[in-house]
Structure formats: C-alpha cells, structure tokens
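Here full-length UniProt numbering is used: the first residue of the sequence shown is 1, the next is one more, and so on. Taking it in order: structure first as structure tokens, then the write-up.
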Amino acid sequence: MNKRTSTLRSALRPLALAAALGAMTLSLSGCIGLAMGGAVVGTMAATDRRTLGAQTEDKSIELKATNRISNMPGGAGHVDVTSYNRRVLLTGEVPDDATKAEVERQVMDIEGVQGVVNELAIAGASSLTSRSNDTLITGKVKASLIDARDISANNFKVTTERGIVYLMGRVTQFEGNRATEIARGVSGVAQVVKVFEYIDPSEASPMSNPPAQTSSAR
C-alpha cells in the first residue's frame, strides 16, 4: 500500500461513519445533506475508475430520475435511484407491478442511461426507522471496505434497502468477491446483491490493484 492510499483510507473511514450517522439524523427531520472536505472529495474523484464525465453524468441522471419519479401521477411510492457509470439501480418499494414497470420506463427514457437494474419491491413504503437502519448499515459497510487492505473502497458504491446491500462499481472479479465477503460480515446485513461491471485486472489502476492473493466469497 502506498502513502497516498493510506492517507485516503485514514481520511475516508471517519467520513463514512459520520455520513451514516449524519444522514440518519437528518433523514428523521426530513432533510438530507452532508458537507465533506474538498480535498478528500477531489482525491476520491481523481481515483474513481469512472471518467469525470461519467461521474458528472451519473449525478445528473440521479437528479433527473428522481424528479421524473416524484412527478408521476398518483405517486410512485418510495424509490431510490443510484447511477454508476450510466447504469441505474432502482431500489425501494412501489404499490404494484404497473408502477414498477412505469418507473423503469421513465428512467430508461433519460438521455445517457445505458441500462436499468430494477430491484423495486412490491410492498408498502418502508418506515423511517427502517431507512435509518439502512443508512447506518451502508456506513458500516463503507467503513469495512475502507479498512480492507487488499481492495480500494473508492471503487465501490453502496446502497442498502431493507437490510439488503447492493454493491456497484467497475471492479475485477477478485475485488467484487472480496467486497461481497466483507459486506456479508457486517452486522445487520440480510443479503448482498452484486451489481458490478467487471473489468480485466489490466484495466485496474495500480493504486487499486490487490496484492497477489486469492479470496473466495461464500
């Protein structure tokens, strides 16, 4: 591990836990927001395997999708949108199959979206307590990924719904299996779902390559 990786890990772990606790507290009052140090955010963006254009477009896709869904006639229930490298993950709860299909159609129609993974459940909207617990689990998973010395946490995006952890990222097979193994070991995690874009080890940056060792996920 080089000095830059070690410094980033040290900065990110408390931020992951603070983000979980901060977002959980703010969500109970109906607000969402968290300010992070510009230097850390800049380093994270620079080490992200997505291009800067893809990172910007992912943020735009999430915003556009959220606006479209919130404006659906009759409402869509509780839907969370996560975009990674222009591939969108839909999680949460909707009242019926027709709404689930319509939400997916609305998102697919957004310019730049290259695919949708529809994990919406047909169920009543989750409670604030459940969502707060999910936020805490996400923070714990991120902190555990940061603690790992054989993968880089910045290569993963973590989303949790009803105790189910979804992992996204452009990763090697080793990294995907290792992250899954780590997430499964976090208390409160009911299931781990992999939504990865797999790449060849030769495409991974030197900073993110794991050492020559193997690990198997159960």
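Glycine included, every Cβ here is placed at the ideal spot set by N, Cα and C. None of the values given here were measured: they were computed from a predicted structure.
- The segment 140-152 makes contact with the segment 171-187: 3 or more CB pairs, one atom from each, lie closer than 8 Å.
- The three-state reading of DSSP puts V103 in helix, counting H, G and I together.
- The UniProt domain "BON" (133-200) contains, as complete beta strand (DSSP E) runs of 3+ residues, the segments 157-161, 164-171 and 191-198 (chain order).
- Inter-segment contact for the segment 91-100 and the segment 46-62 is absent: fewer than three beta-carbon pairs are separated by less than 8 Å.
- Between I69 and Q106, the gap from beta carbon to beta carbon is short of 8 Å.
- Nearest neighbour of A125 by Cα position, chosen from I137, V94 and V141, turns out to be V94.
- For R68, the enclosing alpha helix (DSSP H) begins and ends at L52 to S70.
- When A65, V141 and A204 are compared, the shortest CA-CA separation from L89 is found for A65.
- Taking a C-beta distance under 8 Å as the contact criterion, A183 and V165 qualify as a contact pair.
- E161 is positioned such that its CB atom lies no closer than 8 Å to that of D200.
- Here DSSP, grouped into helix, strand and coil, assigns D97 to helix.
- Leaving aside the five residues that flank V117 on each side, the residues in its chain whose CB is nearer than 6 Å to its CB run, in chain order, L89 and V195.
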